[in-house]
Amino acid sequence: MSRLSRIALIVAAVAFPTAGLVAHVRLVHPSNGTPLRWSNPATVSIVINATGSDDIADGSHETSLRMAIQDWNAVTGTTATLVEDASDVSQARTDWSSTGIHLIYFDETNESGFFPIGSSTVAITPVWFFSSGLIQDADVLFNGSGFHFTTAGQAGRFDVGAVGAHELGHLLGLDHSGAVGATLYPYVDTGLVLQRSLSQDDAHGLRDAYPQGTWGRISGTIVRESDSSTVAGAYVVARDAGGRTAASTLATNNGAFTLRGLDPDVYTVYARPLDNPVDAGNLGSGHAGAETDFEPAVYAATATITGGETLDLGELAVGDDVALNLGTAGDQFPARVVVGQSRTITLHGSGLFNGSSLTASDPDLILGLPTWFGSQVSFQVTVPAGEPRGHVDLTVTNSAGALSILPAALEVTPPSPTVTSVDPDAGPMQGGAALTISGTEFFAGARIVIADQIYTDGVNASVVDDTTITLTTAATPPGTHDVVVIDASGVEGRLVAAYTARSAPVIDGVLPVAGQASGGTEVVLAGDGFLDGLAVRIDGIDQGAVTVEPDGTEARFTTVGGVAGGPYTLELENPDGSLTTSSFSYAAQLDPSVAAILPDSGSTGGGTIVTITGANFTGATTVRFVGDPGAAPVDAASVTFVDPGTLEVVTPAHEQGTVGVLVEEPGGPGTFVEQAFTFSGGGGGGGCAIAPVPAPPRPRAVLEGAWWLFAVVLLLTANARRARAATARRTNR
Amino acid sequence: MRQLLATLGLLVVGFLVALLPARSIQAGTALRLDLGGLVQRSELVVEARVLSARTVELEGWLATEYLLEVARTFKGAHEACRTVRLPGGLRADGSGLLIPGVPHLATGEEALLFLEREGPRGTRMTTGLAQGRLTLRRLSDGRRQLVRDLTSMELVAPGSERAERGDRSVLDYAACLAEIEAALNREKAPR
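Protein chains in written order, with my numbering: chain A, 114 to 846; chain B, 23 to 213.
Structure representation (structure tokens):
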């Protein structure tokens with residue numbers, strides 16, 4: 114390198130100051146180093162686009178991403194909360210580039226321009242910020258045009274939940290973590306689900322960014338053993354008394370560090386270079402300047418945090434760089450080790466020769482004798498029963514005493530759950546079914562996913578023991594669904610097609626409830642869950658064609674008739690076999706029929722006189738106004754029987770809107786006319802004829818209008834004209 | 023001796039390449055790529071020096087426009103001087119756009135850049151996000167190396183050299199070039 118270009122590079126280094134290297138690894142302003150953060154962390158809105166991935170037809174991307182949101186929101190000691198806007202309007206939006214929405218969006222056509230053909234980018238999170246470091250906008254974009262995604266563990270596809278949890282971390286202002294078991298570790302493989310669940314390091318990162326309450330702090334300074342100069346950007350890690358990786362940070366450019374947001378515990382703190390598998394190339398440009406040419410070192414003294422105190426550990430002297438490294442980006446992290454099981458693991462690196470030793474930070478883990486190959490090491494790990502979840506560091510010490518520490522190398526998890534049965538295996542789509550899920554490896558904190566519903570232990574589900582979970586279903590989309598039990602570590606057990614949400618129809622109203630025995634009564638069914646192909650039977654007799662509204666809340670059919678009497682069983686059956694029943698009667702007398710209702714509108718205060726013309730009315734005929742076919746009808750204020758073809762009705766007070774009119778005989782047949790009368794806020798009266806067959810107005814009705822005076826005038830005029838004509842005829846004779 | 027070193031270098035790179043899985047991803051989130059994969063997924067591969075960098079606004083988006091002095095073009099049309107726009111940048115008022123994983127190039131930096139196709143706003147992504155930029159380091163003995171990040175280079179004082187670390191972040195320049203040429207030849211070879 115020429116002297117000039119080297120100087121240029123040094124200048125460039127100065128241009129990207131490291132003063133902003135603060136606790137945890139945060140996204141920082143590229144120029145002034147200020148950590149990027151939301152000004153209103155308690156209400157960071159987020160919207161999951163409903164369309165999702167074209168690889169996932171059942172919309173389960175929403176469920177997976179919703180769980181990722183839940184995981185970030187479950188972090189304690191932080192004000193940060195992702196608030197999902199799940200309104201249909203917002204979820205239909207695709208304008209991810211608008212500042213007014215923070216959208217999780219699958220870009221299936223490269224409309225963003227970030228994913229050209231052949232792109233190797235799977236997902237990104239563009240973060241807009243102000244000079245103050247406040248985040249203005251951020252969105253998560255999945256490259257749906259170039260990659261395949263899954264929520265069901267399909268081979269060769271990226272897990273939506275794992276990628277989503279990672280990107281949401283960026284959206285919240287976190288950069289990549291050097292802890293290889295963290296969700297914000299930069300690398301993940303297809304099929305890997307462990308990054309769905311947050312590590313302690315991720316949680317501490319969020320707590321550090323948006324603290325709530327008082328937590329412990331550990332501070333110190335990293336210096337070189339050789340000349341006591343400070344080490345910029347050292348990666349500093351704390352692990353708890355159980356040997357679990359707890360939190361990490363980057364030292365500032367003067368070697369100082371502060372680990373924040375620590376729970377009460379006894380911590381061991383060490384520093385290592387941020388060079389492998391994660392290096393500064395994985396971080397934003399604001400982190401340039403980290404020094405990596407030193408040997409890891411561990412503080413001799415532990416730090417005991419009892420509350421919200423700050424402990425200063427003083428200086429930690431690190432030695433010169435060593436040709437020893439454990440772990441590379443080519444290794445798959447986190448390396449999962451299962452409680453009660455043994456596993457052989459191979460990790461790559463350099464300087465991994467005979468004479469070295471390998472230890473785990475949790476001494477309960479049993480490491481077999483490693484086999485050293487120089488550039489890799491193989492060893493067996495056995496996790497005793499009862500070990501808690503979490504991440505464990507691995508340390509290699511070579512024959513010369515040099516160290517390499519790989520933070521959060523192993524992730525201890527329970528065995529994956531298995532789901533063996535669900536009882537009952539079907540229930541109504543409206544929910545309310547009490548399910549017992551049987552299987553193995555069910556533990557506290559488990560979540561259960563059935564279709565688009567997430568059930569959480571202790572909230573709306575209960576892990577009874579390690580083989581039994583109980584829950585009561587919420588409203589579930591009709592169809593057959595997998596039942597998935599997801600452990601807090603992210604591993605899952607799935608029973609395919611284990612539960613069917615039946616589209617059991619629900620009847621809220623039958624209008625009318627009786628019809629003429631000869632048939633031909635038009636009946637409106639109100640309720641929910643009516644599907645195309647709905648069959649209706651009265652007393653076992655199929656009623657023929659049924660029309661179902663697209664939203665499944667109304668159905669109509671015309672009776673075929675039967676023997677006068679009843680009530681008979683009215684049975685509804687959806688195509689999937691789900692049934693419900695109500696009742697219907699047949700009457701010997703004919704249905705009242707309605708030809709016209711005039712006027713067809715009136716005041717919400719009631720009192721409008723309405724004339725109903727038709728046939729088959731009696732002195733007992735009742736009239737009721739029905740705002741919604743499933744709602745309680747409101748009786749007319751009065752009904753006057755004029756003749757079998759005429760009723761005079763005074764409307765009741767009724768809320769504004771257009772309603773149906775039910776004309777029926779008590780205990781007998783009836784007729785329901787939909788959308789027949791409008792209650793409005795004004796004085797009422799007037800309107801257009803809406804009855805099925807307009808009938809000529811009767812004299813009384815004609816006189817009710819204010820224009821009856823005009824009619825009188827016309828009549829008088831006509832009489833006068835006739836008189837004049839008669840006079841003229843007489844005169845002509 | 024030189025031949026032996028070159029052979030050893032090739033072996034090292036080949037070994038490293040063989041160790042790299044092709045299905046890992048990096049976040050942002052990108053496929054984990056070896057050199058062959060980087061070549062294959064790039065439309066443009068150049069060795070260049072960054073002459074200048076400026077932020078430009080493109081249809082409401084921010085990008086950093088780099089003026090490159092191109093020493094060598096491995097893939098794509100050669101231009102001795104070309105501009106490349108990477109998404110993300112900083113306005114004069116200090117506001118800006120950051121995309122975690124997209125590298126920022128320093129003025130004066132010499133680098134091997136693997137770039138994807140140009141997008142609709144004239145921006146390109148580095149192939150594999152941060153993986154698509156290997157910074158060139160010249161040692162005092164004339165050898166050249168490629169490093170994945172600037173960390174060790176930026177703090178080197180003029181006239182001094184830190185010890186070589188020999189880790190995966192530092193690759194032998196000649197060996198990398200041989201691997202890139204081999205990948206290009208594989209692309210050209212009839213199937």
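Positions of the beta carbon are idealized from the N, C-alpha and C atoms, including for glycine. Remember, predicted model here, so these are calculated numbers, not experimental data.
In this structure, VAL623(A) lies away from LEU608(A), with their beta-carbon atoms at least 9 Å apart. Looking at GLU138(B), ARG166(B), LEU158(B) and PRO142(B), the one whose alpha-carbon comes closest to that of LYS97(B) is GLU138(B). When 8 Å is used as the limit between beta carbons, ARG63(B) is near these residues of chain A: GLY231, SER232 and SER233, in chain order.
Excluding its 5 nearest sequence neighbours in each direction, THR145(B) has C-beta neighbours in its own chain below 8 Å: LEU80, TRP83, ALA85, ARG107, LEU108 and PRO109, listed in chain order.
Taken through DSSP and simplified to helix, strand or coil, ASN256(A) comes out as strand.
Counted as a single uninterrupted DSSP element, the alpha helix (DSSP H) harbouring GLN183(A) occupies residues 173-186. Judged by beta-carbon spacing, ALA384(A) lies within the 9 Å limit of PRO409(A), meaning their Cβ atoms are closer than that value. The shortest C-alpha to C-alpha distance from GLY453(A) to any of THR495(A), ASP208(A), PHE219(A) and THR419(A) is the one to THR495(A). Counting C-beta atoms within 10 angstroms of its own C-beta, ASN687(A) has 16 or more neighbours from the protein chains shown and is therefore classed as buried.
At least 9 Å separates the CB of PHE219(A) from every CB of chain B. At least one C-beta of chain B is nearer than 9 Å to the C-beta of LEU149(A). Shown here, GLY318(A) sits in a helix according to DSSP, grouped into three states. Within chain A, no residue has its beta carbon less than 9 Å from that of ASP194(B); the closest one is some 14 Å off. For ALA85(B), there are no C-beta contacts with chain A under 7 Å, since the nearest C-beta of that chain is about 10 Å from it. Taking all protein chains in view, the Cβ of ILE202(B) is crowded by 16 or more other Cβ atoms within 10 Å, so the residue is classified as buried. For PRO520(A), not one C-beta of chain B is nearer than 9 Å to its own C-beta. PHE738(A) is not a Cβ neighbour of LEU711(A), given a cutoff of 9 Å.
Contact between GLY632(A) and THR672(A) is confirmed by a C-beta separation of about 5 Å, below the 8 Å threshold. Look at the region 290-344 of chain A and you find these whole runs of beta strand (DSSP E), each 3 residues long or longer: 300-302 and 329-337. CA-to-CA, the gap between GLU132(B) and ARG94(B) works out to about 12 Å. Between LEU140(A) and chain B, the shortest Cβ-Cβ separation is below 9 Å.
For the pair LEU53(B) and HIS215(A), the Cα-to-Cα distance works out to about 25 Å. For the 9 Å CB-CB criterion, ARG320(A) and LEU424(A) do not form a contact. For HIS504(A), the enclosing beta strand (DSSP E) starts and ends at 503-510. Taking 8 Å as the upper bound for CB-CB distance, LEU507(A) and ALA473(A) are in contact here, some 6 Å apart. The beta-carbon distance between SER534(A) and SER469(A), rounded to whole angstroms, is 49 Å. This is too long to meet the 8 Å contact definition. Here THR717(A) carries a coil assignment [DSSP, helix/strand/coil]. Taken atom to atom, the span from the alpha-carbon of LEU460(A) to that of ALA436(A) is near 16 Å.
The criterion of a C-beta distance shorter than 9 Å is not satisfied by LEU375(A) and GLY274(A).
Interface flag for ALA236(A) against chain B is set, since a Cβ pair is found closer than 9 Å. Boundaries of the beta strand (DSSP E) harbouring VAL92(B): 83-97, taken from the DSSP string.
In this structure, LEU158(B) and LEU151(B) do not form a Cβ contact; the two beta carbons are roughly 19 Å apart against a cut-off of 8 Å. Residue contact check for TRP241(A) against chain B: a CB pair falls below 9 Å. Distance from the CA atom of ALA749(A) to the CA atom of PHE643(A), rounded to whole angstroms, is 30 Å. Contact between LEU439(A) and LEU387(A) does not hold, since their C-beta atoms are separated by about 15 Å, which reaches or exceeds 8 Å. Contacts between GLY164(B) and chain A, judged by CB atoms closer than 8 Å, are missing: the closest CB pair is about 10 Å apart.
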